[in-house]
Amino acid sequence: MCGRYALGVRMAFMRRRLQEQGLQVDEAPSDDEVRETYNFAPGNFGAVYRADIYPSEHGEGQYENDDSGPHNTSRTQNRDGGKDEQTQSSSQLHYKIQSMKWGLVPSWTKRKPDYGSLMRTINCRDDSLVEDRGMWTSMKRKKRCVIVCQGFYEWLKKGPGGKEKVPHFVKRKDGELMLFAGLWDCVSYEVRR
Numbered sequence: 000m001c002g003r004y005a006l007g008v009r010m011a012f013m014r015r016r017l018q019e020q021g022l023q024v025d026e027a028p029s030d031d032e033v034r035e036t037y038n039f040a041p042g043n044f045g046a047v048y049r050a051d052i053y054p055s056e057h058g059e060g061q062y063e064n065d066d067s068g069p070h071n072t073s074r075t076q077n078r079d080g081g082k083d084e085q086t087q088s089s090s091q092l093h094y095k096i097q098s099m100k101w102g103l104v105p106s107w108t109k110r111k112p113d114y115g116s117l118m119r120t121i122n123c124r125d126d127s128l129v130e131d132r133g134m135w136t137s138m139k140r141k142k143r144c145v146i147v148c149q150g151f152y153e154w155l156k157k158g159p160g161g162k163e164k165v166p167h168f169v170k171r172k173d174g175e176l177m178l179f180a181g182l183w184d185c186v187s188y189e190v191r192r
């Protein structure tokens, strides 16, 4: 996905379309809580779909940085009657549509980044996820989400020297919502006095 995308639909419509595609939606903001626009830019707040992987005892916005996996688990017996193992119970998971700021700021960040820094973390190449190093490692297993949009823009360079950029809107042929894989994190900045 490039540096601009479009989502000009109400949250009620998005919720209904996701549910029609078989996705569980337990919570969604009201229509007026998330901005609708055909020109989402990095730094804007847009709608994402994600599992609320931490139980309510952590409270909203309280996230751990461990690698123990989702905390909503149930016990099952091995086929051979042996040791119990933990498995994920999808019936216990809570799925929601939520407004998030586009541009990743990792949880270990100590101060608020400037706009230029935010712009560098809007996309992640798939080959960066294969390796277990770099800033994406702490998020790729547990902090995944789905970015929902109607389409995105790519710019075609035209004119002498390719200086003129012409936007082209890329969307699904059938007009359905597009779903992109995303990563998220939650950060609290240190207060300077």
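Everything in the sequence shown is counted per numbering that gives the first Met the number 0, starting at 0 for the first residue and increasing by one.
All C-beta atoms in this analysis are idealised placements derived from N, C-alpha and C, irrespective of residue type, glycine included.
As the structure is a computational prediction, the values presented were derived from the model and not from experiment.
- Between residue 97 and residue 47, the C-beta spacing is below 9 Å.
- 183 is the residue among 140, 131, 156 and 183 whose C-alpha sits nearest the C-alpha of residue 100.
- For residue 163, same chain residues with a beta-carbon under 6 Å away, outside a window of 5 residues either side, are 157 in chain order.
- In this chain, the beta strand (DSSP E) harbouring residue 49 covers 44-51.
- Residue burial annotation: residue 142 is buried, with at least 16 other C-beta atoms found within 10 angstroms of its C-beta.
- Under a 10 Å Cβ-count criterion, residue 144 is classified as buried, with 16 or more other Cβ atoms of the shown protein chains found around its own Cβ.
- Residue range 10-19 is occupied by the alpha helix (DSSP H) that includes residue 19.
- Sequence-distant partners of residue 128 (beyond 5 residues in either direction) whose C-beta falls short of 8 Å from its own C-beta, in its chain, are 135 and 139.
- The continuous alpha helix (DSSP H) containing residue 128 extends over residues 125-129.
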